[in-house]
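*Asks:* For this note's numbering, count along the sequence shown from 1 and bump the result up by 2. We put the beta carbon where it would ideally sit given N, CA and C, even for glycine. Would you mind keeping the following structure in view while I ask a few things?
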Amino acid sequence: MKKRGTPYKGILYAGLMIDGEDIWVLEFNSRFGDPEAQVLLPLIQDDLLEWCLACVEGRLSQKPRVVPMFDEYAVYVVAASAGYPGEVRNGDVIHGLETWMKTHSGFFAGVRKDGSQWLTSGGRVLGALGFGNTIAEARAKAFERLGQVRFEGMQVRKDVGAEWL
3 MKKRGTPYKG ILYAGLMIDG EDIWVLEFNS RFGDPEAQVL LPLIQDDLLE WCLACVEGRL
63 SQKPRVVPMF DEYAVYVVAA SAGYPGEVRN GDVIHGLETW MKTHSGFFAG VRKDGSQWLT
123 SGGRVLGALG FGNTIAEARA KAFERLGQVR FEGMQVRKDV GAEWL
């Protein structure tokens, strides 16, 4: 891009599929995607804002060549509404969310509060994040955490991280 006279400063995310030596590019985004960012960003040891500022201000070469990451694995599992990825149903009561929020790492997307109840309000409702010394351990923790909430029509992909079992 620099050679074309349109230098780029920012995040360039490459969605890749890797099978041994074979690599296929699925997509490029000028942002982190969901849920990729939700599993990667909590593993960063450094201040992400500092990295972003260094990029914008032209100081990125002063940072380490590799972003320092915690030495553990993370697995993120999404709970989706009935009908996802097509026409989703909204308004289902989410049970166990108040307790879950006090003790677990996760992200919310399709959640809204109506009085004292938490309700679904989108396709990807929430996600549970598990950390561990192995992918299998992180996966088990993510599914354990996700198992503490429930709502009518809740969909969860059971194959996330399954190849490491």
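DSSP puts H97 in a beta bridge; with which residues?
*Replies:* R152
*Asks:* Check whether the region 31-42 touches the region 126-140, taking contact to mean three or more Cβ pairs, one atom from each stretch, closer than 8 Å.
*Replies:* The answer is yes - the region 126-140 touches the region 31-42, with three or more Cβ pairs under 8 Å.
*Asks:* Are S63 and G155 closer than 8 Å when you measure CB to CB?
*Replies:* no
*Asks:* When the Cα atoms are used, what is the spatial distance from F34 to Q119?
*Replies:* 31 Å
*Asks:* By alpha-carbon positions, which one of E29, R67, R141 and R6 ends up nearest to Y75?
*Replies:* R141
*Asks:* Using DSSP with H/G/I as helix, E/B as strand and the rest coil, what is T8?
*Replies:* coil
*Asks:* Assuming L55 and I96 are in contact, meaning their beta carbons sit under 8 Å apart, how far apart are those beta carbons, in whole angstroms?
*Replies:* 37 Å between Cβ atoms; not a contact.
*Asks:* Is the beta carbon of G163 less than 8 Å from the beta carbon of I137?
*Replies:* yes
*Asks:* So L28 and L14 are in contact, right, with Cβ under 8 Å, and what is the actual spacing, rounded?
*Replies:* Actually they are not in contact, since the Cβ atoms of L28 and L14 sit about 14 Å apart, beyond 8 Å.
*Asks:* If you count every other CB in all the chains shown that lies within 10 Å of the CB of K5, and 16 or more means buried, which is it?
*Replies:* exposed
*Asks:* Where does F109 fall in DSSP's three states?
*Replies:* strand
*Asks:* Look at the alpha carbon of K65 and the alpha carbon of G125, and state the distance between them as a whole number of angstroms.
*Replies:* 38 Å
*Asks:* If distances are taken between C-alpha atoms only, which option among N92, K115, F72 and A16 comes closest to N31?
*Replies:* A16
*Asks:* I46 by DSSP, collapsed to three states: which one?
*Replies:* strand
*Asks:* Using 10 angstroms around the beta-carbon of F72, count the other beta-carbons present and answer buried if the total reaches 16, otherwise exposed.
*Replies:* exposed
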